[in-house]
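Enquirer: After the structure tokens below, expect a handful of questions from me.
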Amino acid sequence: MSKSITFTIDGVEVTAQAGQTILQAADAAGVYIPRLCAKTDLSPFGACRVCTVLADGRPQAACTQPVSEGMVVESEIPKVQQIRRDIIEMLFVEGNHYCMFCEKSGNCELQALAYRFGIVAPKYPYLFPQRELDASHPDIFIDRNRCILCGRCVRASKELDGKNVFQFVGRGPNKKVAVNAEAGLSDTDVAVIDEAIDACPVGAIIKKRTGYRVPIGQRKYDSKPIGSDIETK
Amino acid sequence: MSLLDIDDRLLKLVELIDFDKSPIDDIKSFSGPVDIGLIEGGCSNEENVHVLQEFRKHCKILISIGDCATMGGIPAMRNNIPLKECLDEAYINGPSVHNPGGLTPNDPDIPLLLNKVFPVHEVVKIDYHLPGCPPPADAIWEALVALLTDKPVTLPYELLKYD
Numbered sequence: 095m096s097k098s099i100t101f102t103i104d105g106v107e108v109t110a111q112a113g114q115t116i117l118q119a120a121d122a123a124g125v126y127i128p129r130l131c132a133k134t135d136l137s138p139f140g141a142c143r144v145c146t147v148l149a150d151g152r153p154q155a156a157c158t159q160p161v162s163e164g165m166v167v168e169s170e171i172p173k174v175q176q177i178r179r180d181i182i183e184m185l186f187v188e189g190n191h192y193c194m195f196c197e198k199s200g201n202c203e204l205q206a207l208a209y210r211f212g213i214v215a216p217k218y219p220y221l222f223p224q225r226e227l228d229a230s231h232p233d234i235f236i237d238r239n240r241c242i243l244c245g246r247c248v249r250a251s252k253e254l255d256g257k258n259v260f261q262f263v264g265r266g267p268n269k270k271v272a273v274n275a276e277a278g279l280s281d282t283d284v285a286v287i288d289e290a291i292d293a294c295p296v297g298a299i300i301k302k303r304t305g306y307r308v309p310i311g312q313r314k315y316d317s318k319p320i321g322s323d324i325e326t327k
Numbered sequence: 072m073s074l075l076d077i078d079d080r081l082l083k084l085v086e087l088i089d090f091d092k093s094p095i096d097d098i099k100s101f102s103g104p105v106d107i108g109l110i111e112g113g114c115s116n117e118e119n120v121h122v123l124q125e126f127r128k129h130c131k132i133l134i135s136i137g138d139c140a141t142m143g144g145i146p147a148m149r150n151n152i153p154l155k156e157c158l159d160e161a162y163i164n165g166p167s168v169h170n171p172g173g174l175t176p177n178d179p180d181i182p183l184l185l186n187k188v189f190p191v192h193e194v195v196k197i198d199y200h201l202p203g204c205p206p207p208a209d210a211i212w213e214a215l216v217a218l219l220t221d222k223p224v225t226l227p228y229e230l231l232k233y234d
């Protein structure tokens, strides 16, 4: 049995196990910290920084920072909320996010976070980058216009499917998700039942012929904000 | 069109406000300063910019309505394709194009296309945004009622939608 640790989130005392990250401990305590790249069952990655908190006064990604005895974590304070909001806005202007025809709309975690934060329009100028599509696979397509480089597909394919289908290539603005084949996704050993396909928080990896099946009003985030499942625990 | 979806509340609204330049009364240019301007659509050509600047000049409060106005919308899908390629596809190379002269329209009466489609808040200052495709009629109603009754414009969770 691992050692118990006591720390505080926004002044509320939380008990955690040694070795847990701030995010894991907060989830267990019913405190929602917004996140995109973090996903249960996947290794912590620290890519999106949406889960930024102040840990003893310093900005840290809650998904990678382990808890320590007596740590003071600040989460729902204006300074931290502003950081998270800015990151979400930057993710929107950095890609081509056309929610109005996206299959993932209503079930998209990026969109749901923007709703939760009440973002009506980003304050940054849209970049409208040129991104590639890969529709070569009969059951799955990749639309990099919507990719936020969270690395969930990369990790899920490696850690859960044991396949290594996806990987990042390039750096900075040229960074993108590539597939493990000379040509396209159809030449990899990816399967439509792979965890990596469901791991995508946005509409970048989509199962073909499954879009728009759930009517508007009944989709995951239509009436309940993202994170409410953790908060009502 | 979402404005019309507020249905019979439109009658209540008419009692509270007067329309100036609008498609409802077909007044083409502003007759004077107005309190609230509703603008839809992104800026894709010089005429759009001109109209938008006129709105900003005459309206105390300017609200952008719909995804085209707030993020460019479907027309903005041309933004990562060079303008020349877009025009060539539309007037010369497109599979259904019949244009024996092979010329792209270039009449001075046709408003000049901008290099990109811009969300309106990247061209002038916008006071409030109502995203959605289309925005829920209730969102427009809530915003207008809040402004008319001097209350802060805040959309409830169910009314902030991008689709």
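Here the protein sequences come in this chain order: A and B. Counting from 95, one number per residue, gives the positions in the first sequence under this note's numbering. Counting from 72, one number per residue, gives the positions in the second sequence under this note's numbering. From the three backbone atoms N, C-alpha and C, an ideal C-beta is built for every residue, glycine too.
Which class does S322/A belong to by DSSP, given the choice of helix, strand or coil?
Expert: Counting from 1 along the first sequence, the entry for residue 322/A is found at position 228. It is helical.
Enquirer: Helix, strand or coil for I77/B, going by three-state DSSP, please let me know.
Expert: Counting from one through the second sequence, the residue named residue 77/B turns up at place 6. Here I77/B sits in helix by DSSP.
Enquirer: If distances are taken between C-alpha atoms only, which option among E193/B, P202/B, L133/B and N150/B comes closest to Y228/B?
Expert: The residue labelled residue 228/B in the question sits at position 157 within the second sequence. Of the listed residues, the one whose Cα sits closest to Y228/B is P202/B.
Enquirer: Quick check on D150/B: buried or exposed, where buried means 16 or more other Cβ atoms within 10 Å of its Cβ?
Expert: One-based indexing of the second sequence puts residue 150/B at position 79. For clarity, residue 150/B is Asn in the given sequence; the question names Asp instead. N150/B comes out buried.
Enquirer: Which same chain residues, not among the five before or five after G140/A, have their C-beta less than 8 Å away from its C-beta?
Expert: By 1-based counting over the first sequence, the position of residue 140/A is 46. Hits under 8 Å: C131, A155, C157 and T158.
Enquirer: Hey, is the stretch 205-219 of chain A in contact with the stretch 234-249 of chain A, meaning 3+ C-beta pairs nearer than 8 Å?
Expert: Counting Cβ pairs under 8 Å, fewer than three are found: no touch.
Enquirer: Does S368/A pass the burial test, meaning 16 or more other C-beta atoms within 10 Å, or should it be called exposed?
Expert: Residue 368/A cannot be examined here, being either before or after the span of chain A that is shown, 95 to 327.
Enquirer: Which residues of the stretch 172-201 of chain B have a Cβ closer than 8 Å to any Cβ of chain A? Give them in chain order.
Expert: The residues in question are K187, P190, H192, E193, I197, Y199, H200 and L201.
Enquirer: Quick one: which residues of the stretch 105-124 of chain B get their C-beta closer than 7 Å to a C-beta of chain A? List them in chain order.
Expert: Going along the stretch 105-124 of chain B in chain order, one finds no residue with a Cβ nearer than 7 Å to chain A.
Enquirer: What's the gap between the Cα of G173/B and the Cα of G165/B?
Expert: Start at 1 with the first residue of the second sequence, and residue 173/B comes out as number 102. Start at 1 with the first residue of the second sequence, and residue 165/B comes out as number 94. Going by the C-alpha atoms only, they are around 12 Å apart.
Enquirer: I310/A by DSSP, collapsed to three states: which one?
Expert: On the first sequence, position 216 is the one that residue 310/A refers to. I310/A: coil per DSSP, three-state reduction.
Enquirer: For F101/B, which option in D180/B, P153/B, K128/B and L231/B has the closest C-alpha, if you only look at C-alpha atoms?
Expert: Sequence index remark: in the second sequence, residue 101/B carries index 30 (1-based). Ranking the options by Cα distance to F101/B, first place goes to K128/B.
Enquirer: Does the distance from the C-beta atom of D228/A to that of K301/A stay below 9 Å?
Expert: On the first sequence, position 134 is the one that residue 228/A refers to. On the first sequence, position 207 is the one that residue 301/A refers to. In this structure, K301/A does not lie closer than 9 Å to D228/A by Cβ.
Enquirer: Listing by chain order, which chain A residues have their CB less than 8 Å from the CB of T141/B?
Expert: Numbered from its first residue, the second sequence carries residue 141/B at position 70. Those within 8 Å of T141/B in chain A are V214 and A215.
Enquirer: From what residue to what residue does the alpha helix (DSSP H) around H129/B run?
Expert: Taking the second sequence and counting its residues from 1, one reaches residue 129/B at position 58. First-last of the alpha helix (DSSP H) with H129/B: E117 to H129.
Enquirer: Within the stretch 90-177 of chain B, note down every full beta strand (DSSP E) run reaching 3 residues or more, in order along the chain.
Expert: Here the runs fully enclosed are 105-111, 114-116 and 130-136.
Enquirer: Taking only beta-carbon positions, decide if S135/B is within less than 9 Å of chain A.
Expert: By one-based count along the second sequence, residue 135/B stands at place 64. Closer than 9 Å to some Cβ of chain A, the Cβ of S135/B qualifies, so yes.
Enquirer: Pop quiz: I103/A and A120/A are said to be a contact at Cβ under 8 Å. What is the actual Cβ separation, rounded to whole angstroms?
Expert: The residue labelled residue 103/A in the question sits at position 9 within the first sequence. The residue labelled residue 120/A in the question sits at position 26 within the first sequence. Contact flag correct, Cβ pair sits at about 6 Å.
Enquirer: Count Cβ pairs between the stretch 302-319 of chain A and the stretch 254-273 of chain A that sit closer than 8 Å; are there 3 or more?
Expert: No, because fewer than three Cβ pairs between the stretch 302-319 of chain A and the stretch 254-273 of chain A fall closer than 8 Å, the two stretches do not touch.
Enquirer: Applying a beta-carbon distance threshold of less than 8 Å, which residues of chain B neighbour M194/A?
Expert: The residue labelled residue 194/A in the question sits at position 100 within the first sequence. Those are D138, G144, I145, C204, Y233 and D234, listed as they occur along chain B.
Enquirer: Mind reading off the beta-carbon distance from N116/B to P190/B? Whole number of angstroms is fine, and I expect it under 8 Å.
Expert: Residue numbering aside, residue 116/B sits at position 45 when the second sequence is read from its first letter. Residue numbering aside, residue 190/B sits at position 119 when the second sequence is read from its first letter. Between P190/B and N116/B the Cβ distance is about 15 Å, and since that is not below 8 Å, they are no contact.
Enquirer: Can you tell me whether DSSP reads H200/B as helix, strand or coil?
Expert: Taking the second sequence and counting its residues from 1, one reaches residue 200/B at position 129. Strand.
Enquirer: Okay, do the stretch 216-226 of chain A and the stretch 188-197 of chain A touch, 3+ Cβ pairs below 8 Å being the bar?
Expert: Taking 8 Å as the limit for Cβ pairs, the verdict is that the stretch 188-197 of chain A does touch the stretch 216-226 of chain A.
Enquirer: Quick one: give me the first and last residue of the alpha helix (DSSP H) that L136/A is part of.
Expert: Position 42 of the first sequence holds residue 136/A. Element bounds for L136/A: n/a, residue is neither H nor E.
Enquirer: C202/A to I291/A, Cα distance in whole Å?
Expert: Position 108 of the first sequence, counted from the start, is the residue given in the question as residue 202/A. Position 197 of the first sequence, counted from the start, is the residue given in the question as residue 291/A. For C202/A and I291/A, the distance between alpha carbons rounds to 14 Å.
Enquirer: Output yes or no for whether 9 Å exceeds the beta carbon distance between Y126/A and G321/A.
Expert: If you number the first sequence from 1, residue 126/A lands on position 32. If you number the first sequence from 1, residue 321/A lands on position 227. Cβ atoms of Y126/A and G321/A: closer than 9 Å.
Enquirer: Quick check on R225/A - is its C-beta less than 9 Å from some C-beta in chain B?
Expert: Locating residue 225/A in the first sequence gives position 131, counting from the first residue. Yes, because at least one Cβ of chain B sits closer than 9 Å to the Cβ of R225/A.
Enquirer: Measuring alpha carbon to alpha carbon, tell me which residue in I95/B, E125/B and P179/B is nearest S73/B.
Expert: Numbered from its first residue, the second sequence carries residue 73/B at position 2. Taking only the C-alpha atoms, the option nearest S73/B is I95/B.
Enquirer: Could you tell me whether any Cβ in chain B is nearer than 9 Å to the Cβ of P309/A?
Expert: In the first sequence, residue 309/A corresponds to position 215, counting from 1. With 9 Å as the cut-off, P309/A does not count as an interface residue toward chain B.
Enquirer: What's the C-alpha gap between I213/A and W212/B?
Expert: As a position in the first sequence, residue 213/A is number 119, starting the count at 1. As a position in the second sequence, residue 212/B is number 141, starting the count at 1. Near 19 Å, if we compare the C-alpha coordinates of W212/B and I213/A.
Enquirer: So, is the C-beta of A208/A closer than 9 Å to a C-beta in chain B?
Expert: By one-based count along the first sequence, residue 208/A stands at place 114. It does: the Cβ of A208/A has a partner Cβ on chain B nearer than 9 Å.
Enquirer: Let me check understanding here. Comparing Cα to Cα, which of C193/A, V167/A and T146/A lies closest to Q176/A?
Expert: Counting from 1 along the first sequence, the entry for residue 176/A is found at position 82. Checked all of C193/A, V167/A and T146/A; the closest Cα to Q176/A is T146/A.
Enquirer: Could you check what DSSP says for R152/A in three-state terms: helix, strand or coil?
Expert: The sequence position of residue 152/A within the first sequence is 58, counting from 1. In the structure shown, R152/A sits in a strand (DSSP, three-state: E or B).
Enquirer: Restricting to runs no shorter than 4 residues, where is the alpha helix (DSSP H) found entirely within the stretch 195-232 of chain A?
Expert: Listed in chain order, the complete alpha helix (DSSP H) runs (minimum 4 residues) inside the stretch 195-232 of chain A are 203-210.
Enquirer: Against Q205/A, what residues of chain B qualify as contacts under a CB-to-CB distance less than 7 Å, listed in chain order?
Expert: As a position in the first sequence, residue 205/A is number 111, starting the count at 1. Result: Y233.
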